[in-house]
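Have a look at the structure below, then the notes.
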Amino acid sequence: SATDMAETSISLPQEQLSCPICLDILKNPVTIPCGHSYCMGCIKSCWDQDDQTGVYSCPQCRETFSPRPVLHRNTVMNVVVEEMKKTGLSPPHLQPRPCSGPGDVPCDFCTGRQVRAVKSCLVCLASYCQTHLQPHCESDRLRKHKLVDATAHLDDLVCPSHDKPLEVYCRTDQKCICVLCTKDEHRGHDTVSAAAERTEKQVKTSILHYDLPDKEQSITQECNMA
Numbered sequence: 363s364a365t366d367m368a369e370t371s372i373s374l375p376q377e378q379l380s381c382p383i384c385l386d387i388l389k390n391p392v393t394i395p396c397g398h399s400y401c402m403g404c405i406k407s408c409w410d411q412d413d414q415t416g417v418y419s420c421p422q423c424r425e426t427f428s429p430r431p432v433l434h435r436n437t438v439m440n441v442v443v444e445e446m447k448k449t450g451l452s453p454p455h456l457q458p459r460p461c462s463g464p465g466d467v468p469c470d471f472c473t474g475r476q477v478r479a480v481k482s483c484l485v486c487l488a489s490y491c492q493t494h495l496q497p498h499c500e501s502d503r504l505r506k507h508k509l510v511d512a513t514a515h516l517d518d519l520v521c522p523s524h525d526k527p528l529e530v531y532c533r534t535d536q537k538c539i540c541v542l543c544t545k546d547e548h549r550g551h552d553t554v555s556a557a558a559e560r561t562e563k564q565v566k567t568s569i570l571h572y573d574l575p576d577k578e579q580s581i582t583q584e585c586n587m588a
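The numbers in the sequence shown follow my numbering, run straight up by one, and end at 588.
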């Protein structure tokens with residue numbers, strides 16, 4: 363039947379039809395240079411926060427881009443998403459899932475059975491299932507909140523002095539701090555965004571990883587010549 367054909371054609375890319383930021387079905391989908399796709403509004407809001415550093419990263423694979431890539435709607439993916447909406451289908455991971463293991467974080471707003479949270483908010487200091495996360499995806503004010511993968515250790519990601527997300531890395535003291543920390547006890551220190559510091563360390567680790575075989579080969583050659 364036509365429905366079966368639609369299910370067959372859509373089932374293949376289902377995991378690619380939801381936005382990694384809001385976790386909802388893609389709205390006005392765009393594909394960035396690394397190949398990952400997002401709602402245009404979601405990735406735009408994310409990159410607006412990176413304007414201060416001038417380095418823009420993929421929230422999923424952390425690949426960095428500079429200058430800021432121009433966003434264009436992925437028309438092919440948009441057609442597939444619209445087709446899926448017409449059939450009433452949705453990717454399985456967008457459906458609420460109960461907590462099933464010790465590592466699962468429960469939604470703070472579900473009553474009755476415990477539903478697994480998909481994101482935690484560093485501003486609200488709460489964890490949300492897909493259903494209760496919707497206001498954070500739809501409200502212009504809530505979309506500015508910092509969301510991370512669901513975690514039971516929210517306090518470790520928030521500044522104990524100011525209750526703000528630890529989004530800045532102080533290279534002077536070698537610790538993560540919040541924006542307000544840069545204005546008092548860390549004033550004048552060498553600071554960068556936590557994301558930029560993480561990316562730089564990943565690059566250095568990769569370079570070290572690729573350099574080691576070359577050095578080992580060079581040492582081996584020197585030993586053979588001796």
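From the three backbone atoms N, C-alpha and C, an ideal C-beta is built for every residue, glycine too. In this text the structure is predicted, and so the values were computed from the model without any measurement.
query                                                                                                                                   : result
Pick helix, strand or coil for Pro468, following the three-state DSSP scheme.                                                           : strand
Cβ atoms of Val520 and Leu484: under 8 Å apart, would you say?                                                                          : yes
With H, G and I counted as helix, E and B as strand and the rest as coil, what does DSSP make of His455?                                : Confidence is the limiting factor: at His455 the pLDDT is only 48, short of 50, which leaves the residue's position unreliable and the question unanswerable from this model.
Would you please state the rounded distance, in angstroms, between the beta carbons of Ala556 and Cys538? I believe it to be under 8 Å. : 6 Å
In the DSSP assignment, what residue or residues form a beta bridge with Arg435?                                                        : Val392
Work out the CA separation of Ser501 and Val392 for me, nearest whole Å.                                                                : 20 Å
So the candidates are Ser428, Arg503 and Arg478; which of them puts its Cα closest to the Cα of Asp413?                                 : Ser428
Counting along the chain, where does the alpha helix (DSSP H) carrying Lys506 start and finish?                                         : Looking at the DSSP string, Lys506 is not in any alpha helix (DSSP H), and its letter there is neither H nor E.
So does the region 431-439 actually touch the region 387-404, counting three or more Cβ pairs closer than 8 Å?                          : yes
So, helix, strand or coil for Ala557, using DSSP?                                                                                       : helix
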